[in-house]
Amino acid sequence: MKDCTVIGGGPAGLNATLVLGRARRNVVLVDSNEARNKVTQEAHGFITRDGVKPSELRELAHQEFRKYKTIESMEDKVVEIMKGNESFTIKTEKGQEWLTRKVILATGVKEEFPNIPNLRDYYGKSIFNCPYCDGWELRDQPLAVFGIVDYTLHMTEVLRNWSQDLVVFTNGEELSKIQAEKFKKLQVQVETNPVRLLKGSDGMLHSIELENGQIVERSGGFVTPELVQSTELGMALGVKLTDQGGHQCDHAGKTEIHGLFVAGEASTIYPSQLIIAAGSGAETAMAVNVELTHEGILGSN
Ligand SMILES: Cc1cc2nc3c(=O)[nH]c(=O)nc-3n(C[C@H](O)[C@H](O)[C@H](O)COP(=O)(O)OP(=O)(O)OC[C@H]3O[C@@H](n4cnc5c(N)ncnc54)[C@H](O)[C@@H]3O)c2cc1C
Numbered sequence: 073m074k075d076c077t078v079i080g081g082g083p084a085g086l087n088a089t090l091v092l093g094r095a096r097r098n099v100v101l102v103d104s105n106e107a108r109n110k111v112t113q114e115a116h117g118f119i120t121r122d123g124v125k126p127s128e129l130r131e132l133a134h135q136e137f138r139k140y141k142t143i144e145s146m147e148d149k150v151v152e153i154m155k156g157n158e159s160f161t162i163k164t165e166k167g168q169e170w171l172t173r174k175v176i177l178a179t180g181v182k183e184e185f186p187n188i189p190n191l192r193d194y195y196g197k198s199i200f201n202c203p204y205c206d207g208w209e210l211r212d213q214p215l216a217v218f219g220i221v222d223y224t225l226h227m228t229e230v231l232r233n234w235s236q237d238l239v240v241f242t243n244g245e246e247l248s249k250i251q252a253e254k255f256k257k258l259q260v261q262v263e264t265n266p267v268r269l270l271k272g273s274d275g276m277l278h279s280i281e282l283e284n285g286q287i288v289e290r291s292g293g294f295v296t297p298e299l300v301q302s303t304e305l306g307m308a309l310g311v312k313l314t315d316q317g318g319h320q321c322d323h324a325g326k327t328e329i330h331g332l333f334v335a336g337e338a339s340t341i342y343p344s345q346l347i348i349a350a351g352s353g354a355e356t357a358m359a360v361n362v363e364l365t366h367e368g369i370l371g372s373n
């Protein structure tokens with residue numbers, strides 16, 4: 073029987089695994105390696121790792137795990153979690169099955185993009201979702217902002233700190249009077265015509281072609297995708313989602329299902345940052361360790 077199974081090997085799951093390993097817990101990390109930041113070459117804002125490739129950050133974490141004999145990790149996808157009296161049964165896509173006392177869901181979120189053709193070709197290279205992550209690299213450039221108007225309003229306001237040459241593309245959504253006034257106050261151009269195609273090469277944006285034939289030159293931009301939980305594993309066990317889209321839990325990730333915890337963007341989606349997800353993973357791991365200790369289960373190695 074495992075003390076804890078961590079599902080998801082992004083920063084939340086990795087940090088949770090490290091803390092549990094150091095707490096002498098038999099922990100298994102299962103990761104399907106499909107994190108949404110895989111598309112980007114560099115991740116920023118994580119102290120001592122500013123500019124690190126996301127895959128390198130993961131590799132470094134796995135190197136650190138080798139010191140701790142109670143940590144096991146595998147590339148696989150959890151397809152089912154069954155709750156028993158004192159434990160859970162975990163089942164994976166590759167046909168593995170085991171018992172575990174506790175589970176941490178660190179499965180992150182997935183992105184639903186506005187309906188703009190070929191936007192994904194540029195995502196992670198010259199179009200990003202978070203100014204705190206990639207605003208510095210695009211500073212003072214002519215930028216595009218894509219997304220649902222209400223979301224782009226906040227994004228545009230914040231982005232003006234990095235570039236004041238902004239054009240918002242609503243992709244056919246018309247502005248209300250209030251929205252139009254807000255954009256006017258921000259002195260930002262808004263194009264409501266649907267986007268026909270993004271143009272550029274190797275993921276680097278040059279211009280945006282609208283349905284009316286107009287071409288607007290832009291060298292990069294930001295999009296505000298909708299972020300939704302990447303798995304229904306928690307919901308299948310009865311955990312509800314908050315209005316913000318995270319799983320309902322206490323401050324340390326404990327859900328109402330005894331033994332089931334959530335960390336990273338599985339618990340709180342915003343602000344969406346590696347270091348915040350990693351911190352959440354660490355805190356959740358400590359809560360798991362305390363619960364095991366209270367139940368009389370001590371570190372085994
Ligand atoms: C393009 C882009 C650029 C970004 N740049 C930055 C940046 O520069 N700086 C920054 O701080 N943040 C950045 N972020 C945000 C950052 O990536 C996230 O905040 C962070 O990765 C969230 O961590 P997490 O551990 O909660 O989830 P994730 O990193 O998303 O990890 C979740 C993991 O769970 C796995 N998983 C899901 N379901 C299952 C399952 N059923 N079984 C097994 N495994 C499963 C997935 O494969 C994935 O590996 C960026 C995001 C994107 C999309």
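Residue numbers (my numbering): 73 to 373. Even for Gly, the Cβ is constructed at its ideal location relative to N, Cα and C. Note that the coordinates shown come from a computational prediction; the quantities given were computed from them, not determined experimentally.
Run the proximity test for Ala84: is its beta-carbon closer than 6 Å to any non-hydrogen atom belonging to ligand 1?
Checking every heavy atom of ligand 1 against the Cβ of Ala84, one is found closer than 6 Å.
Which one of Phe160, Glu246, Val240 has the shortest CA to CA distance from Val288?
Answer by Cα proximity: Val240.
Tell whether a beta-carbon distance below 7 Å holds between Ile280 and Val267.
Yes, they are a contact pair.
Can you give the Cα-Cα distance for Lys141 and Glu337, rounded to whole angstroms?
Those two C-alpha atoms are separated by around 28 Å.
What is the rounded straight-line gap between the Cα of Glu328 and the Cα of His319?
Taking the straight line joining both Cα atoms gives about 10 Å.
Sorry if obvious, but does the Cβ on Glu367 come closer than 6 Å to a heavy atom of ligand 1?
The answer is no for Glu367.
Going by beta carbon distance, what residues of the same chain come within less than 7 Å of Thr303, once the five residues before and after it are set aside?
Excluding residues within five positions, the ones whose Cβ falls inside 7 Å are Thr179.
Would you call the CB atoms of Thr112 and Gly196 closer than 7 Å?
In this structure, Gly196 lies closer than 7 Å to Thr112 by Cβ.
Going straight from the alpha carbon of Ser145 to that of Arg96, what length do you get?
Using only the alpha carbons, I get a separation of about 15 Å.
Going by beta-carbon coordinates alone, are Ile176 and Ile162 separated by less than 7 Å?
No.
So, at 6 Å on beta carbons, what are the nonlocal neighbours of Glu114 in its own chain, with the 5 sequence-adjacent residues on each side left out?
Correct list, in chain order: Gly123.
Across the segment 76-92 and the segment 129-141, are there enough close Cβ pairs to call them in contact, namely three or more that are closer than 8 Å?
Yes, the segment 76-92 touches the segment 129-141.
Is Thr356 closer than 7 Å to Ala308 when the C-beta atoms are compared?
Cβ distance not < 7 Å, so Ala308 and Thr356 don't count as in contact.
Reducing DSSP to helix, strand and coil, say where Leu210 ends up.
DSSP places Leu210 in coil when its eight states are reduced to three.
Candidates Leu129, Asp75, Leu215: which alpha carbon is nearest Leu171's?
Taking only the C-alpha atoms, the option nearest Leu171 is Asp75.
Taking 6 Å as the cut-off, does the CB of Lys257 come closer than this to any heavy atom belonging to ligand 1?
For ligand 1, not one heavy atom lies less than 6 Å from the Cβ of Lys257.
Shortest alpha-carbon distance to Phe160 belongs to which of Leu305, Cys321, Asn201?
Ranking Leu305, Cys321, Asn201 by Cα distance to Phe160 puts Leu305 first.
Which of the three DSSP states is assigned to Ala349 in this structure?
Ala349: helix per DSSP, three-state reduction.
Among Gly93, Asn98, Asn109, which one has its Cα closest to the Cα of Pro83?
The candidate whose alpha carbon is nearest that of Pro83 is Asn109.
From Arg106 to Gly156, what distance separates their C-alpha atoms?
The identity of residue 106 in the sequence shown is Glu, whereas the question assumes Arg. Near 29 Å, if we compare the C-alpha coordinates of Gly156 and Glu106.
Sorted by chain position, which residues of the same chain lie with C-beta nearer than 7 Å to Ser339's C-beta, five sequence neighbours on each side aside?
Within the same chain, Ser339 has close Cβ partners Gly318, His319, Cys321, Gly325, Ser352.
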